[in-house]
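> Structure provided below as structure tokens; questions to follow.
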Amino acid sequence: MSKKPGGRFRGGGQSQRDRWFGLEAEDDFDAFRRWWHRVGKDEAGGRDLDSTEQARAEYGAWVTSGRNRVRS
Amino acid sequence: MATAQYDGGSFASSDEDRMIALLRDVRDAAAPPSVEEIARVLATTLSFRLRNAAALALADLGGREGSEWIGAVLGRPDVAPQSGTLLFALDELGGRLPFESLVNIVRHGSFEGRSEALNLLDAGRVASADPAAHRRALEDLASIAVGADHAAAEVAREALAILSAASGGPDASEHRR
Numbered sequence: 213m214s215k216k217p218g219g220r221f222r223g224g225g226q227s228q229r230d231r232w233f234g235l236e237a238e239d240d241f242d243a244f245r246r247w248w249h250r251v252g253k254d255e256a257g258g259r260d261l262d263s264t265e266q267a268r269a270e271y272g273a274w275v276t277s278g279r280n281r282v283r284s
Numbered sequence: 462m463a464t465a466q467y468d469g470g471s472f473a474s475s476d477e478d479r480m481i482a483l484l485r486d487v488r489d490a491a492a493p494p495s496v497e498e499i500a501r502v503l504a505t506t507l508s509f510r511l512r513n514a515a516a517l518a519l520a521d522l523g524g525r526e527g528s529e530w531i532g533a534v535l536g537r538p539d540v541a542p543q544s545g546t547l548l549f550a551l552d553e554l555g556g557r558l559p560f561e562s563l564v565n566i567v568r569h570g571s572f573e574g575r576s577e578a579l580n581l582l583d584a585g586r587v588a589s590a591d592p593a594a595h596r597r598a599l600e601d602l603a604s605i606a607v608g609a610d611h612a613a614a615e616v617a618r619e620a621l622a623i624l625s626a627a628s629g630g631p632d633a634s635e636h637r638r
């Protein structure tokens, strides 16, 4: 997997490949994305993610805190 | 501090946190606010936190009307910098992003918003109202692709590449009108 100049990653075979900061390769990406939009973002102030680094930090914090899930 | 007012007949408050809480629980409310009431909040608030909550509430309620409201709001330049959750809500609703709104997000959007918008484009979920609007949006996208904003230019080039691949060639002008 190679990093593109703009920060997204080139992978392959993913339904959402390289569109979400490279995190889409993680098995639990869909659960994290749902949690981020429905819980995490507002707790963080409500602003969009601005960088791969910020996205990875939020993902790491979510994993550390026990991968909280949001109902569908 | 003012309290939220929703008792089955009105939906207005100057307490942002209270309104967000009401919107978050819309699926469990005995008498939830209507789609029109939530859409009015979505379209008029200057708070991106409240706008996000309204979009998610529309996603929770489901229906085509909600996706049309969200798609229209995403065409505003002032909304684009905080558009990620609106695009997520649109995705959850199974809605389509107007091509003009995609261009707006490519031009003014955040890293997150641009990524969510490209996801919708890649999934064939971007559409134009008519051929003339489609041509204008394509021209705008091509202009951004060679513009001075390097981050926007890269996203515009990626969008054009997706459109080209979807149309089966280098000319994307026939894509999904």
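Chains A and B supply the protein sequences, listed in that same order.
For any residue, its number in the numbering used here is found by taking its place in the first sequence, counting from 1, and adding 212.
For any residue, its number in the numbering used here is found by taking its place in the second sequence, counting from 1, and adding 461.
Glycine included, each C-beta is placed from N, C-alpha and C at the ideal position.
1. Relative to the alpha-carbon of G536(B), which residue among D591(B), I566(B), E573(B) has its alpha-carbon at the smallest distance?
2. Going by DSSP, name the residue or residues bridged to L587(B).
3. Output, in chain order, the set of chain B residues within a Cβ distance shorter than 9 Å of R250(A).
4. So that I know if they touch, is there some Cβ in chain B lying closer than 8 Å to that of S277(A)?
5. Over the uninterrupted alpha helix (DSSP H) stretch that includes V487(B), give me the two end residues.
6. Taking Cβ-Cβ distances shorter than 7 Å, what residues in chain B pair up with G258(A)?
7. Taking only beta-carbon positions, decide if F560(B) is within less than 8 Å of chain A.
8. Among R525(B), A620(B), L547(B), G523(B), whose alpha-carbon lies nearest the alpha-carbon of R568(B)?
9. Interface residues of chain B around D242(A) at Cβ under 8 Å?
10. If you draw a straight line from the alpha carbon of A617(B) to that of A609(B), how long is it in whole angstroms?
11. Starting from D521(B), trace the alpha helix (DSSP H) in both directions and tell me its first and last residue.
12. State whether the region 484–500 of chain B contacts the region 514–521 of chain B, with contact taken as three or more CB pairs (one from each stretch) at a distance under 8 Å.
13. DSSP state of G629(B), grouped into three classes?
14. For the alpha helix (DSSP H) that T506(B) lies in, which residues bound it at each end?
15. Kindly list, in the order they appear in chain A, the residues whose Cβ is closer than 8 Å to that of G574(B).
16. Would you please verify whether the beta carbon of D292(A) is less than 8 Å from any beta carbon of chain B?
17. Please report the residue range of the alpha helix (DSSP H) in which S604(B) lies.
18. According to a CB-to-CB cut-off of less than 9 Å, which residues of the region 614–628 of chain B neighbour chain A?
19. Who are the neighbours of S589(B) on chain A, taking C-beta pairs under 7 Å?
20. Counting only C-beta atoms, is S571(B) closer than 8 Å to chain A at any point?
21. Ordered along the chain, which non-local residues of its own chain (more than five positions away) have a Cβ less than 8 Å from that of E529(B)?
22. Q266(A) lies in the alpha helix (DSSP H); which residues open and close that run?
Considering the structure as presented:
1. In the second sequence, counting from the first residue as 1, residue 536(B) sits at position 75. The candidate whose alpha carbon is nearest that of G536(B) is I566(B).
2. As a working note, residue 587(B) is residue 126 in the second sequence. At residue 587(B) the sequence reads Val, which differs from the Leu that was named. Paired residue(s): L558(B).
3. Position 38 of the first sequence holds residue 250(A). In chain order: R485, L517, T546, F549.
4. For the purposes of this step, residue 277(A) is identified with residue 65 of the first sequence, where counting begins at 1. Taking Cβ atoms only, chain B never reaches closer than 8 Å to S277(A), which makes this a no.
5. Within the second sequence, the letter at position 26 stands for residue 487(B). No alpha helix (DSSP H) holds V487(B); DSSP gives it neither H nor E.
6. For the purposes of this step, residue 258(A) is taken as residue 46 along the first sequence, with counting starting at 1. Correct list: F509, R510, N513.
7. The count along the second sequence starts at 1 and reaches residue 560(B) at position 99. Closer than 8 Å: no.
8. Your numbering for residue 568(B) matches position 107 in the second sequence. With distances taken between Cα atoms, R568(B) lies closest to A620(B).
9. One-based indexing of the first sequence puts residue 242(A) at position 30. Within chain B, no residue comes near D242(A); the closest Cβ sits about 11 Å away, beyond 8 Å.
10. Here residue 617(B) corresponds to residue number 156 of the second sequence, with the count starting at 1. Here residue 609(B) corresponds to residue number 148 of the second sequence, with the count starting at 1. A617(B) and A609(B): Cα-Cα distance of roughly 12 Å.
11. Residue mapping note: residue 521(B) aligns to position 60 of the second sequence, counting from 1. Unbroken alpha helix (DSSP H) run through D521(B): 509–522.
12. With the cut-off at 8 Å, the region 484–500 of chain B and the region 514–521 of chain B touch.
13. Reading the second sequence from its first residue, position 168 is the one you call residue 629(B). Residue state, collapsed to three classes: coil.
14. Taking the first residue of the second sequence as position 1, residue 506(B) is located at position 45. From DSSP, T506(B) is part of no alpha helix (DSSP H); its letter is neither H nor E.
15. What you label residue 574(B) is simply residue 113 of the second sequence in a count that begins at 1. For G574(B), the residues of chain A that pass the 8 Å Cβ criterion are D260, in the order they occur in the chain.
16. No statement about residue 292(A) is possible, as the shown extent of chain A runs from 213 to 284 and does not include it.
17. On the second sequence, residue 604(B) is found 143 positions in, with the first residue counted as 1. 592–606 is the extent of the alpha helix (DSSP H) around S604(B).
18. Listed in sequence order: E615, V616, E619.
19. Residue 589(B) sits at position 128 when you count from the first residue of the second sequence. Simply none; closest approach about 21 Å.
20. Taking the second sequence and counting its residues from 1, one reaches residue 571(B) at position 110. Closer than 8 Å to some Cβ of chain A, the Cβ of S571(B) qualifies, so yes.
21. Sequence index remark: in the second sequence, residue 529(B) carries index 68 (1-based). Counting only Cβ-Cβ distances below 8 Å, and skipping sequence neighbours, we find G556.
22. Stepping through the first sequence from its first residue, residue 266(A) is reached at position 54. Counting along the chain, the alpha helix (DSSP H) containing Q266(A) begins and ends at 264–276.
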